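Down below is the structure, laid out as structure tokens.
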Amino acid sequence: MTTESGVDRALLAGLATRERSVFAQRRPRSAAAYQRAGHLFGRVPMTWMNKTAAGFPVYVERASGNRITDVDGHEYLDFCLGDTGAMAGHSPAPVVEAVNHRLATLGGATTMMPTEDAAAVGAELSRRFGLPYWSFALTATDANRWAIRLLRAVTGRPKILVNSYCYHGSVDESLIVVGPDGHGVSREGNVGAPVDVTATSRVAEFNDLAGLERELAHGDVAAVLMEPALTNIGIVLPEPGYLAGVRELTRRYGAYLINDETHTFSAGPGGATAAWELSPDVLTIGKAIAGGIPIGAYGLSAGLAEAILGRDDLDLVDMGGVGGTLAGNPVSMAAARACLEQVLTEQTFDVMIATATAFAGGLRKIIEGYGLPWSVSQLGARVEYRFADPVPRNGTESAAAADAELEDFLHVYLANRGVLLTPFHNMALMSPGTTTADVERHHSIFADALAELTA
Ligand code: PMP
Numbered sequence: 065m066t067t068e069s070g071v072d073r074a075l076l077a078g079l080a081t082r083e084r085s086v087f088a089q090r091r092p093r094s095a096a097a098y099q100r101a102g103h104l105f106g107r108v109p110m111t112w113m114n115k116t117a118a119g120f121p122v123y124v125e126r127a128s129g130n131r132i133t134d135v136d137g138h139e140y141l142d143f144c145l146g147d148t149g150a151m152a153g154h155s156p157a158p159v160v161e162a163v164n165h166r167l168a169t170l171g172g173a174t175t176m177m178p179t180e181d182a183a184a185v186g187a188e189l190s191r192r193f194g195l196p197y198w199s200f201a202l203t204a205t206d207a208n209r210w211a212i213r214l215l216r217a218v219t220g221r222p223k224i225l226v227n228s229y230c231y232h233g234s235v236d237e238s239l240i241v242v243g244p245d246g247h248g249v250s251r252e253g254n255v256g257a258p259v260d261v262t263a264t265s266r267v268a269e270f271n272d273l274a275g276l277e278r279e280l281a282h283g284d285v286a287a288v289l290m291e292p293a294l295t296n297i298g299i300v301l302p303e304p305g306y307l308a309g310v311r312e313l314t315r316r317y318g319a320y321l322i323n324d325e326t327h328t329f330s331a332g333p334g335g336a337t338a339a340w341e342l343s344p345d346v347l348t349i350g351k352a353i354a355g356g357i358p359i360g361a362y363g364l365s366a367g368l369a370e371a372i373l374g375r376d377d378l379d380l381v382d383m384g385g386v387g388g389t390l391a392g393n394p395v396s397m398a399a400a401r402a403c404l405e406q407v408l409t410e411q412t413f414d415v416m417i418a419t420a421t422a423f424a425g426g427l428r429k430i431i432e433g434y435g436l437p438w439s440v441s442q443l444g445a446r447v448e449y450r451f452a453d454p455v456p457r458n459g460t461e462s463a464a465a466a467d468a469e470l471e472d473f474l475h476v477y478l479a480n481r482g483v484l485l486t487p488f489h490n491m492a493l494m495s496p497g498t499t500t501a502d503v504e505r506h507h508s509i510f511a512d513a514l515a516e517l518t519a
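Per my numbering, residue 65 is the first one in the sequence shown, and the count goes up by one each step.
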């Protein structure tokens with residue numbers, strides 16, 4: 065039977081079983097490593113690493129640029145790039161050199177003292193994103209958490225508004241979706257929520273200004289936390305006028321606007337904020353900016369920074385709830401400086417975006433050629449396809465277009481032929497070193513998969 069994704073389920077199930085068995089046969093060392101990891105919770109360093117299409121994860125031996133070699137000796141073309149953490153490519157030479165210099169020559173991985181690199185990184189982030197004052201964390205999750213705390217403090221308002229099916233890291237306030245009756249409900253699977261999420265949060269669909277206004281009109285929203293394009297439920301791009309409308313409404317209802325650029329950084333050297341001339345009050349980011357070394361950062365507008373620093377009732381120095389011992393450490397700062405100044409430069413983005421444009425164009429042709437009802441979206445260096453056409457216009461529509469079985473089949477099929485996509489998406493990200501030959505290799509395997517699926 066053919067479903068909405070346009071594929072025959074029985075055929076798909078048979079092909080998926082075949083591919084999974086090939087995957088397991090050819091990876092005895094990864095399988096054995098997984099078996100030996102009995103003292104890890106869920107057998108993996110972090111439970112999400114069990115999100116693998118084939119029953120056990122591929123264990124990494126080496127990684128360089130856009131290539132990964134696993135412990136069984138297979139080489140992969142990596143379009144996952146650590147789900148953006150390695151957008152600069154694996155171990156870019158300037159970052160390796162800066163980190164080695166910091167650790168081996170100068171010494172001091174963590175000291176509770178600033179290094180001069182931090183000011184250079186803050187200045188570069190200001191130049192790119194337009195917000196003048198920066199502070200650091202170790203993850204984008206913490207950058208979001210701390211930004212939320214600051215905005216609650218400065219507004220005295222309790223709630224944070226997010227888009228349905230957003231992802232901003234494991235931030236309690238963000239685990240809310242629009243329920244069937246149009247009201248916010250806890251996202252399915254929300255683990256150990258501290259309080260009912262509707263007590264802390266409001267939610268609106270992406271691309272829905274009327275829904276946003278309805279929620280903001282309650283007058284209790286401290287901040288809207290959003291990605292300028294959704295990237296964690298496929299890519300959902302903003303419709304014309306939507307982001308300007310968000311800015312206008314947040315101002316009208318006294319809510320601050322946080323742009324989370326952790327993934328949308330793929331849009332250009334200053335993320336979607338610079339590419340689309342947006343003016344958030346706060347910008348959060350992490351993952352890619354230090355070339356794979358842990359970092360998070362948030363930038364504040366001048367007015368906001370002044371308002372917060374002027375409040376002597378807020379403990380920003382000791383245990384007031386904003387801070388982390390290793391945040392701003394010398395290694396993160398050295399890595400971020402090298403990555404921003406020498407790797408993810410304006411020129412590099414031009415190359416990455418051109419490669420992604422070739423990727424998206426080729427993908428569309430193949431999908432059309434097989435007559436499948438799928439759509440392709442591009443956000444700068446990032447490309448993703450969804451099993452729906454036309455392209456979903458909000459998170460709920462996009463979630464409804466998910467097809468886990470089909471997605472898993474394509475991931476395993478590609479992995480068995482030496483290509484990696486991001487486990488949580490059909491997402492392909494271009495690094496500075498990704499070539500059009502790499503794109504063509506992906507496309508020829510992808511076309512073979514579709515030929516088998518539609519036979
Ligand atoms: N913001 C966005 C938009 C993300 O996609 C993610 C993670 N995928 C995060 C924040 C959190 O990043 P981290 O897990 O590195 O804290």
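Glycine included, C-beta positions come from ideal geometry on N, C-alpha and C. Nothing here was measured: the structure is a model prediction, and the numbers come from that model.
Look at the beta carbons and you see the stretch 147-154 not touching the stretch 105-118: under three pairs across the two are nearer than 8 Å.
In this structure, Thr421 lies away from Pro496, with their beta-carbon atoms at least 8 Å apart.
Classified as buried, Pro292 has 16 or more neighbouring CB atoms from the shown chains inside 10 Å of its CB. Non-local C-beta neighbours of Leu478 in its own chain, meaning closer than 8 Å and more than five positions away in sequence, comprise Leu484, Leu485, His506, Ile509, Phe510, Ala513, ordered along the chain. In terms of CA proximity to Arg90, Ala118 leads the group Thr314, Ala118, Thr337, Phe105.
For Arg131 against Leu141, the beta-carbon gap comes to about 7 Å, under 8 Å, which counts as contact. Nearest to Gly355 by C-alpha distance, out of Val288, Ser128, Asn480, is Ser128. In this structure, the ligand PMP has no non-hydrogen atom nearer than 7 Å to the beta-carbon of Thr111.
Taking the CA atoms as reference points, Val159 sits about 46 Å from Arg73. For Asn271, the closest of Pro394, Asn458, Pro244 by C-alpha to C-alpha distance is Asn458.
The closest heavy atom of the ligand PMP lies 7 Å or more from the beta carbon of His282. The beta carbons of Ala207 and Tyr362 sit about 4 Å from each other, so the pair counts as a contact at 8 Å.
Of all alpha-carbon atoms in Ala519, Asp467, Ala445, Thr460, the one lying nearest the alpha-carbon of Leu145 is that of Ala445. Around the CB of Val255, fewer than 16 other CB atoms lie within 10 Å, so the residue is classed as exposed. Per the DSSP secondary-structure output, Arg266 pairs in a beta bridge with Leu225. Between the alpha carbons of Tyr317 and Val346 lies a distance of about 17 Å.
Inter-segment contact for the stretch 196-213 and the stretch 298-317 is absent: fewer than three beta-carbon pairs are separated by less than 8 Å.
Taken through DSSP and simplified to helix, strand or coil, Arg73 comes out as helix. DSSP places Met416 inside the alpha helix (DSSP H), whose first and last residues are 410-433. Residue ranges of uninterrupted beta strand (DSSP E) with 3 or more members, entirely inside the stretch 429-497 and ordered along the chain, are 439-443, 446-450, 491-493. Contact annotation: Leu276 and Ala263 have beta-carbon atoms that are not nearer than 8 Å. The beta carbon of Ala95 sits closer than 8 Å to those of Ala88, Phe120, all from its chain and outside the five residues before and after it, given in chain order. In the DSSP assignment, Gly350 falls within the unbroken beta strand (DSSP E) covering 346-350.
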